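*Asks:* Residue numbers (the working numbering), protein chains in the order written: chain B, 1 to 284; chain S, 1 to 284. All residues carry an ideal CB built from backbone N, CA and C; glycine is no exception. Just so it is clear, the structure is predicted and the values come from calculations on it, not from any experiment. Could you have a look at this structure, given as structure tokens, before my questions?
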């Protein structure tokens, strides 16, 4: 039976430290402030927004939601975004993506102040994640995986880590964060041959493929550590990860559940980033 | 016995295509122009400069060397660099690095026009290499490895490729270029455990560790393809790669020599980038 790595436990332990840092800033008269910029009202965005607001609230971080009509044109959107971006009282900006198709996301990536880019959309932060520069803001989900490994004292130096998925949201930045921590990283994807064998050799297997229950028992080595980044719906419409949890948990040594795993940590990483941004913008 | 993959052959085949593209630009009145910016006169830089000038010459590309005294201060250097950067007749800029220690390299990375950044120092290009955006300029050495694999018709889709080294000059960008071509990439480094075994399982092994002859016969699987990016001096002061060539070539199916392998292709990739830059800057 696996030890279940619970996201809420990790988030709980992060909270204490974040509250300390928040109070230290507050004493200096600085209230960390996150702007959430949402175009339209997609259910996914609204769900994430609720979680983020709640998390910021618990710590004391101010959170303002800027709701922008879905039919906004590029010029007006950039004007509104520019105001948020240059507002000295706002330290972090989370822009929900993808944007509606008529808007140019690339130009926004170039506009955002990299110091406020708490969800890592700017190429400046992408380049820093790539090069291993610790002044980066990495995307929240891959950093959550690192927080979980750290919380459970899992030393990854030299370990064989297989990352399943090569997206810019999870797979690639996560691979760079793992490499920075001296893991030996293998990046797999839909074109990988002998996927089952490659995964089975992993000491740590991280599933970020976006395919429900695709990681079967046969793909997991004895006592491997399994982290599931997937969020999918199964045949019955229930939330599930990329890992066939029921069949894998008997074989792995540690495992994250879905829900209640990686997804429960992301809003804490976001809060951490907002506090870091508030510090940096105030040269602390 | 291995098939020896010769860099000059690859460069020769690239030359034909580059000359065609050069002539097409010349007919429109555009002469692609590379600026080489060299601070001081390090022997390594001078050697690379000679090779680059010769290659540009063969194709017809104009090449101007800007030699800047080693004791230049940051302000004056940025002023001079800025002039080159904004000169509309210059399409590509190669700045030799590392710069002398009293100069701030980071600020130059932010200054260079990403469209002229033919040796990939700008974070804009780094982020594009990372995300797999084909409008990037990748660093010349990793792209040379891809040119060699392409020339020898080696299909890497789904193949197990091991990259030894995680530098921003070779290992990391090369891993991203290989991933873009659908290889299954494992990145190894000094902290990797069981390095011998990990390397031996590679169908394609790429050595970019910067350690003379460190890839021994035991680290190479039967019929593996071995590409050597290293440039080192052996005990006797002779040029050698990261691969123990004499002992490996009997085991591998393909191998690149040092000298005469990857290093013989880089200036052709640089020429390709200058021509691409001239096209893009002229919206062709």
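#1: State buried or exposed for residue 174 of chain S, treating a residue as buried only when at least 16 other CB atoms are found within 10 Å of its CB.
#2: Determine the closest residue to residue 265 of chain B out of B/186, B/228, B/82, B/210, with distance taken between C-alpha atoms.
#3: Give every residue of the same chain whose Cβ lies closer than 8 Å to the Cβ of residue 66 of chain B, excluding the five residues on either side of it in the sequence, and list them in chain order.
#4: Report buried or exposed for residue 166 of chain S, applying the criterion of at least 16 other Cβ atoms within 10 angstroms of its Cβ.
#5: Assuming residue 183 of chain B and residue 206 of chain B form a contact by the criterion Cβ under 8 Å, report the distance between their Cβ atoms to the nearest whole angstrom.
#6: Could you tell me which residues DSSP pairs with residue 35 of chain B in its beta bridges?
#7: If you measure from the beta carbon of residue 123 of chain B to each beta carbon in chain S, is any gap under 7 Å?
#8: Check whether the region 137-150 of chain S and the region 100-111 of chain S are in contact - that is, three or more C-beta pairs closer than 8 Å.
#9: With H, G and I counted as helix, E and B as strand and the rest as coil, what does DSSP make of residue 199 of chain S?
#10: Since residue 234 of chain B contacts residue 216 of chain B with CB under 8 Å, what's their CB separation in whole angstroms?
#11: Within 7 Å (strictly less), CB to CB, does residue 158 of chain B reach chain S?
#12: With respect to the alpha helix (DSSP H) encompassing residue 276 of chain B, which residues constitute its N-terminal and C-terminal limits?
#13: Does any C-beta atom of chain B lie closer than 7 Å to the C-beta of residue 166 of chain S?
#14: When you compare each of B/96, B/63, B/11, B/25 to residue 41 of chain B by their alpha carbons, which one comes out closest?
#15: Of the choices B/210, B/240, B/201, whose alpha-carbon is the least far from that of residue 224 of chain B?
#16: Drop a sphere of 10 angstroms on the beta-carbon of residue 285 of chain S, count the other beta-carbons inside from all chains shown, and report buried for 16 or more, exposed for fewer.
#17: Taking the DSSP output, what are the residues bridged to residue 140 of chain B?
#18: One question on the structure: do residue 32 of chain S and residue 61 of chain S come within less than 7 Å of each other, judged by their Cβ atoms?
#19: Give the single residue among S/23, S/256, S/251, S/123 whose Cα lies nearest to the Cα of residue 279 of chain S.
#20: Out of S/123, S/192, S/13, S/267, state which residue places its alpha-carbon closest to the alpha-carbon of residue 130 of chain B.
#21: Expressed to the nearest angstrom, what Euclidean distance is found between the alpha-carbon atoms of residue 154 of chain S and residue 254 of chain S?
#22: Within 10 Å of its beta-carbon, does residue 283 of chain B have 16 or more other beta-carbons around it, so buried, or fewer, so exposed?
#23: Would you mind reading off the limits of the alpha helix (DSSP H) that contains residue 206 of chain B?
#24: With residue 177 of chain S and residue 148 of chain S assumed to form a contact (beta carbons below 8 Å), what rounded beta-carbon distance in angstroms separates them?
#25: If you reduce the DSSP assignment to three classes, tell me which class residue 234 of chain B lands in.
#26: Taking the straight line between their C-alpha atoms, what separation do you get for residue 119 of chain B and residue 28 of chain B?
#27: Mapping DSSP to helix, strand and coil, what is residue 227 of chain B?
#28: Residue 126 of chain B and residue 127 of chain S: beta carbons closer than 7 Å?
#29: Helix, strand or coil, according to DSSP, for residue 148 of chain S in the structure here?
#30: What span of residues does the alpha helix (DSSP H) with residue 180 of chain B cover, start to end?
#31: Anything in the region 105-138 of chain B with a Cβ closer than 7 Å to a Cβ of chain S? List those residues in chain order, please.
#32: Can you give me the start and stop residues for the beta strand (DSSP E) that residue 187 of chain B sits inside?
#33: I want to verify the contact list: residues of chain B whose CB lies under 7 Å from the CB of residue 179 of chain S, in sequence order.
#34: Excluding the 5 residues flanking residue 90 of chain S on each side, which residues of the same chain have their C-beta closer than 8 Å to its C-beta?
#35: Are residue 219 of chain B and residue 196 of chain B touching if we call contact CB-CB under 7 Å?
#36: Let me check understanding here. Comparing Cα to Cα, which of S/150, S/135, S/53, S/45 lies closest to residue 99 of chain S?
*Replies:* Answer, in terms of the structure:
#1: The C-beta of residue 174 of chain S has 16 or more other C-beta atoms within 10 Å across all chains shown, which makes the residue buried.
#2: Closest by alpha carbon: B/228.
#3: Hits under 8 Å: 35, 36, 37, 38, 80, 84.
#4: With 16 or more other Cβ atoms within 10 Å, it is buried.
#5: Rounded to whole angstroms, the Cβ separation of residue 183 of chain B and residue 206 of chain B is 10 Å, and the two are not in contact under 8 Å.
#6: The secondary-structure analysis by DSSP pairs residue 35 of chain B across a beta bridge with B/64, B/93.
#7: It does; some Cβ of chain S falls within 7 Å.
#8: Three or more beta-carbon pairs separated by less than 8 Å are not found between the region 137-150 of chain S and the region 100-111 of chain S, which leaves the two stretches without contact.
#9: Assignment of residue 199 of chain S by DSSP, reduced to helix, strand and coil, places it in the helix class.
#10: Their Cβ separation, rounded to whole angstroms, is 14 Å, which puts residue 234 of chain B and residue 216 of chain B out of contact at 8 Å.
#11: Residue 158 of chain B counts as touching chain S.
#12: 266-281 is the span of the alpha helix (DSSP H), which, as asked, contains residue 276 of chain B.
#13: Yes, because at least one Cβ of chain B sits closer than 7 Å to the Cβ of residue 166 of chain S.
#14: If we check each option's Cα against that of residue 41 of chain B, B/96 comes out closest.
#15: Checked all of B/210, B/240, B/201; the closest Cα to residue 224 of chain B is B/201.
#16: Here chain S has residues from 1 to 284 only, and residue 285 of chain S is not among them.
#17: Checking the DSSP bridge columns, you'll see residue 140 of chain B has no partner listed.
#18: Contact flag set, yes.
#19: Sorting S/23, S/256, S/251, S/123 by C-alpha distance to the C-alpha of residue 279 of chain S places S/23 at the top.
#20: Closest by alpha carbon: S/123.
#21: Answer to the nearest angstrom: the Cα atoms are 10 Å apart.
#22: Exposed: under 16 other Cβ atoms inside 10 Å.
#23: Careful: residue 206 of chain B lies outside any alpha helix (DSSP H), inside the beta strand (DSSP E) at 204-207.
#24: The distance from the Cβ of residue 177 of chain S to that of residue 148 of chain S is about 12 Å, inconsistent with a contact at the 8 Å cut-off.
#25: It is coil, neither helix nor strand.
#26: The alpha-carbon atoms of residue 119 of chain B and residue 28 of chain B are separated by roughly 25 Å.
#27: DSSP places residue 227 of chain B within a strand segment (E or B) once states are collapsed to three.
#28: A contact, by the Cβ cut-off of 7 Å.
#29: Collapsing the DSSP output to three states places residue 148 of chain S in a helix.
#30: DSSP places residue 180 of chain B inside the alpha helix (DSSP H), whose first and last residues are 171-180.
#31: Answer set for the region 105-138 of chain B: 123, 124, 126, 127, 130, 131.
#32: Per DSSP, residue 187 of chain B belongs to the beta strand (DSSP E) from 184-188.
#33: Ordered by position in chain B, the residues that pass the 7 Å Cβ test against residue 179 of chain S are 166, 187.
#34: Excluding its 5 nearest sequence neighbours in each direction, residue 90 of chain S has C-beta neighbours in its own chain below 8 Å: 33, 34, 35, 64, 84, 116, listed in chain order.
#35: A Cβ-Cβ contact shorter than 7 Å links residue 219 of chain B with residue 196 of chain B.
#36: Per the Cα distances, S/45.
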